[in-house]
Amino acid sequence: MNQRYVVNVEAAVVRDGEFLVARRAESEDHAAGTLSFVGGTVEGIEEAEDALERTARREVREEVGVEVGELRYVESGAFLADGDPCVNVVFLGRHESGTARPREPEEVAEVFWLTADEVADHPDAPPWTEASVERAEQRRADLGW
(Lines of atoms letter the chains of each structure in order from A; the text may use other names.)
(Lines give C-alpha, C1' and ligand atoms only; values in the text may rest on other atoms or scores of the structure.)
Protein backbone atom coordinates (compact mmCIF):
# COMPACT_ATOMS: atom_id res chain seq x y z
CA MET A 16 0.00 0.00 0.00
CA ASN A 17 1.37 3.40 -1.01
CA GLN A 18 -0.61 5.75 1.20
CA ARG A 19 0.58 9.28 1.95
CA TYR A 20 -0.12 10.95 5.26
CA VAL A 21 -0.88 14.55 6.05
CA VAL A 22 1.60 15.65 8.75
CA ASN A 23 0.11 18.01 11.31
CA VAL A 24 1.96 19.71 14.17
CA GLU A 25 0.49 21.34 17.29
CA ALA A 26 2.16 23.50 19.93
CA ALA A 27 1.12 23.26 23.56
CA VAL A 28 2.23 26.78 24.48
CA VAL A 29 2.46 27.30 28.23
CA ARG A 30 2.57 30.51 30.28
CA ASP A 31 2.29 30.65 34.07
CA GLY A 32 0.82 27.14 34.23
CA GLU A 33 -1.83 27.81 31.59
CA PHE A 34 -2.01 26.51 28.03
CA LEU A 35 -2.83 28.52 24.93
CA VAL A 36 -5.93 26.87 23.52
CA ALA A 37 -7.86 27.90 20.41
CA ARG A 38 -11.47 27.43 19.44
CA ARG A 39 -11.39 26.18 15.86
CA ALA A 40 -13.41 28.30 13.44
CA GLU A 41 -16.81 27.01 12.35
CA SER A 42 -15.51 27.03 8.78
CA GLU A 43 -12.84 24.41 9.56
CA ASP A 44 -13.35 21.04 7.85
CA HIS A 45 -12.16 19.00 10.85
CA ALA A 46 -13.51 19.46 14.40
CA ALA A 47 -15.06 22.88 13.80
CA GLY A 48 -15.94 24.82 16.96
CA THR A 49 -13.91 22.60 19.29
CA LEU A 50 -10.89 23.47 21.43
CA SER A 51 -7.40 22.48 20.34
CA PHE A 52 -3.78 23.50 20.55
CA VAL A 53 -2.68 25.84 17.77
CA GLY A 54 -1.04 24.13 14.83
CA GLY A 55 -1.24 23.12 11.23
CA THR A 56 0.17 21.03 8.44
CA VAL A 57 3.76 20.77 7.31
CA GLU A 58 3.99 22.57 3.97
CA GLY A 59 6.63 23.04 1.28
CA ILE A 60 9.77 22.20 3.20
CA GLU A 61 12.93 23.61 1.67
CA GLU A 62 15.11 22.60 4.62
CA ALA A 63 14.60 19.30 6.37
CA GLU A 64 16.26 20.23 9.69
CA ASP A 65 13.71 20.94 12.44
CA ALA A 66 10.82 20.80 9.94
CA LEU A 67 8.22 19.94 12.57
CA GLU A 68 9.44 22.52 15.07
CA ARG A 69 9.58 25.23 12.37
CA THR A 70 6.03 24.38 11.37
CA ALA A 71 4.79 24.60 14.96
CA ARG A 72 6.41 28.01 15.49
CA ARG A 73 5.17 29.33 12.14
CA GLU A 74 1.59 28.21 12.76
CA VAL A 75 1.47 29.75 16.24
CA ARG A 76 2.95 33.01 14.94
CA GLU A 77 0.60 33.20 11.93
CA GLU A 78 -2.60 32.08 13.63
CA VAL A 79 -2.39 33.81 17.01
CA GLY A 80 0.65 36.17 16.97
CA VAL A 81 2.70 34.47 19.67
CA GLU A 82 6.39 33.55 19.65
CA VAL A 83 7.36 30.24 21.23
CA GLY A 84 10.68 29.25 22.79
CA GLU A 85 12.36 25.86 22.86
CA LEU A 86 10.04 23.02 21.89
CA ARG A 87 9.94 19.60 23.56
CA TYR A 88 8.21 16.52 22.17
CA VAL A 89 4.96 15.49 23.91
CA GLU A 90 3.24 12.87 21.74
CA SER A 91 2.25 11.71 18.28
CA GLY A 92 -0.74 9.88 16.92
CA ALA A 93 -2.53 8.98 13.72
CA PHE A 94 -6.16 9.39 12.72
CA LEU A 95 -8.40 9.92 9.70
CA ALA A 96 -9.44 13.50 8.92
CA ASP A 97 -12.27 13.44 6.40
CA GLY A 98 -10.97 10.15 5.07
CA ASP A 99 -7.36 11.29 4.75
CA PRO A 100 -4.75 9.62 6.97
CA CYS A 101 -3.08 12.15 9.26
CA VAL A 102 -0.13 12.01 11.64
CA ASN A 103 -0.32 14.56 14.44
CA VAL A 104 2.73 15.57 16.51
CA VAL A 105 2.40 17.69 19.66
CA PHE A 106 5.23 19.77 21.12
CA LEU A 107 5.41 21.72 24.37
CA GLY A 108 6.89 25.20 24.33
CA ARG A 109 7.04 28.26 26.55
CA HIS A 110 5.40 31.53 25.57
CA GLU A 111 8.18 33.99 24.73
CA SER A 112 6.33 37.06 23.51
CA GLY A 113 3.20 38.38 21.86
CA THR A 114 -0.41 38.82 22.84
CA ALA A 115 -2.54 35.87 21.76
CA ARG A 116 -5.44 36.82 19.53
CA PRO A 117 -7.01 35.25 16.44
CA ARG A 118 -5.09 36.50 13.37
CA GLU A 119 -6.57 34.02 10.93
CA PRO A 120 -10.31 33.99 11.73
CA GLU A 121 -10.97 31.38 9.06
CA GLU A 122 -8.98 28.97 11.25
CA VAL A 123 -9.15 30.35 14.82
CA ALA A 124 -12.33 31.83 16.29
CA GLU A 125 -11.10 32.52 19.84
CA VAL A 126 -8.08 31.94 22.05
CA PHE A 127 -7.89 31.19 25.75
CA TRP A 128 -5.23 30.66 28.42
CA LEU A 129 -6.54 27.69 30.42
CA THR A 130 -5.17 25.28 32.99
CA ALA A 131 -5.28 21.56 32.22
CA ASP A 132 -8.21 21.20 34.63
CA GLU A 133 -10.11 24.02 32.92
CA VAL A 134 -9.65 22.34 29.55
CA ALA A 135 -10.86 19.01 30.97
CA ASP A 136 -13.99 20.75 32.31
CA HIS A 137 -14.69 22.75 29.13
CA PRO A 138 -17.77 21.58 27.19
CA ASP A 139 -16.07 22.23 23.82
CA ALA A 140 -12.94 20.19 24.54
CA PRO A 141 -13.08 16.91 22.62
CA PRO A 142 -11.55 13.79 24.21
CA TRP A 143 -8.43 13.94 22.03
CA THR A 144 -7.70 17.53 23.10
CA GLU A 145 -8.23 16.63 26.76
CA ALA A 146 -5.78 13.73 26.38
CA SER A 147 -3.16 15.91 24.65
CA VAL A 148 -3.47 18.60 27.32
CA GLU A 149 -3.10 15.98 30.05
CA ARG A 150 0.09 14.64 28.42
CA ALA A 151 1.44 18.16 27.87
CA GLU A 152 0.75 19.00 31.52
CA GLN A 153 2.67 15.91 32.62
CA ARG A 154 5.59 16.84 30.35
CA ARG A 155 5.52 20.43 31.69
CA ALA A 156 5.62 19.14 35.27
CA ASP A 157 8.46 16.72 34.44
CA LEU A 158 10.47 19.62 32.99
CA GLY A 159 9.72 21.90 35.93
CA TRP A 160 8.18 24.54 33.68
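Converting from the sequence shown to my numbering requires adding 15 to each position, the first position being numbered 1.
For each residue, glycine too, the CB sits at the ideal point set by N, CA and C.
- The distance from the Cβ of Ala40 to that of Pro120 is about 6 Å, consistent with a contact at the 8 Å cut-off.
- For Asp65, same chain residues with a beta-carbon under 7 Å away, outside a window of 5 residues either side, do not exist.
- Taking 9 Å as the cut-off, the beta carbon of Glu74 is found no closer than this to the beta carbon of Leu86.
- Shortest Cα-Cα distance from Glu152 to any of Leu107, Asp99, Asp97 and Glu122 involves Leu107.
- In this structure, Ala26 lies away from Val57, with their beta-carbon atoms at least 9 Å apart.
- Counted as a single uninterrupted DSSP element, the beta strand (DSSP E) harbouring Trp128 occupies residues Val123 to Leu129.
- For Pro117, same chain residues with a beta-carbon under 7 Å away, outside a window of 5 residues either side, are Val79, Val123, Ala124, Glu125 and Val126 in chain order.
- Each of Gly159, Thr144, Glu149 and Arg154 was checked against the Cα of Gly48, and the nearest Cα belongs to Thr144.
- Going by DSSP, Asp99 is part of the beta strand (DSSP E) stretching over Asp99 to Ser112.
- At the C-beta level, Leu50 and Ala37 come within 9 Å of one another.
- If you ignore the 5 residues before and after Thr130, its C-beta comes within less than 7 Å of the C-beta of Gly32 and Glu33, all in its own chain and listed in chain order.
- Nearest Cα to Glu82 within the set Glu149, His110 and Val134: His110.
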